[in-house]
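In our numbering, the protein residues as written are 22 to 210.
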């Protein structure tokens, strides 16, 4: 559970000061962004080496982000999302723990009452543009390839790709080598 830092400066809105707002929104490609990403995470109530890049949206919920994890540019975490330690979430990833229900009477998608938590295991890397849908548990030490859509639980050490994602390989827990199911061994690293 996160605990936002107390604010003692003039508020700009949402209970943050002008300096804190700048830290949340500014990003400079010409410098080391690590300190700003860490400050942004602290302002949001996350600590222990967590880094949050600018533009990331972390919606209210029982969100947990494990130590030394990184949330990339413009990532979107909606609902109850539990991220393990040493997780990398690439830019433009969406973790969507909520869902909408179709109402036949109005012929529209309305209420957001289908929320189920998402869990991302320790040591996992979600490549750019991934989507994880509600209720999914991503295993430990997964490599989720760019633009994959994860609609069901994944095993530990899996390499997942596609829409919807399927397992295309695994990571050797002893060596860290990628073992592709449809590639030659020489190409596995």
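Beta carbons: idealized from backbone N, C-alpha and C, even for Gly.
Owing to the predicted nature of the structure, the values given are computational and were not obtained by experimental measurement.
Please report the residue range of the beta strand (DSSP E) in which residue 191 lies. Start and end: 186–192.
I need the straight-line Cα distance from residue 152 to residue 195, nearest angstrom please. If I take the Cα positions, the gap works out to 28 Å.
Taking the alpha-carbon of residue 139 as reference, which of 66, 101, 189, 193 has the nearest alpha-carbon? It is 101.
Measure the Cβ-Cβ separation of residue 158 and residue 136 and say whether it is below 8 Å. No; because the gap between Cβ atoms is not below 8 Å, this pair is not in contact.
Counting only the same chain and skipping the five closest in sequence on each side, list residues whose C-beta sits under 6 Å from that of residue 182. For residue 182, the CB contacts under 6 Å within the same chain, skipping 5 residues up- and downstream, are 166, 169, 189 in chain order.
Using the C-alpha atoms, what's the distance from residue 172 back to residue 67? When only Cα atoms are considered, residue 67 and residue 172 end up about 27 Å apart.
Buried or exposed: residue 78, going by 16 or more other Cβ atoms within 10 Å of its Cβ? By the beta-carbon neighbour count (other beta carbons within 10 angstroms, threshold 16), residue 78 is exposed.
If we cut at 8 Å on Cβ distances, does residue 174 have a partner in chain B? The displayed structure is made up of one protein chain only, and chain B is not part of it.
Beta-carbon proximity of residue 87 to residue 106, cut-off 8 Å: Residue 87 is a Cβ neighbour of residue 106, given a cutoff of 8 Å.
Cutoff 7 Å; reference residue 191; Cβ partners in own chain excluding five residues on either side: Apart from sequence neighbours up to five positions away, the residues of its chain that approach residue 191 with a beta-carbon distance below 7 Å are 178, 179, 180, 200, ordered along the chain.
So which of 149, 145, 131, 154 has the shortest CA-CA distance to residue 161? Across the set 149, 145, 131, 154, the C-alpha of 145 shows the shortest separation from the C-alpha of residue 161.
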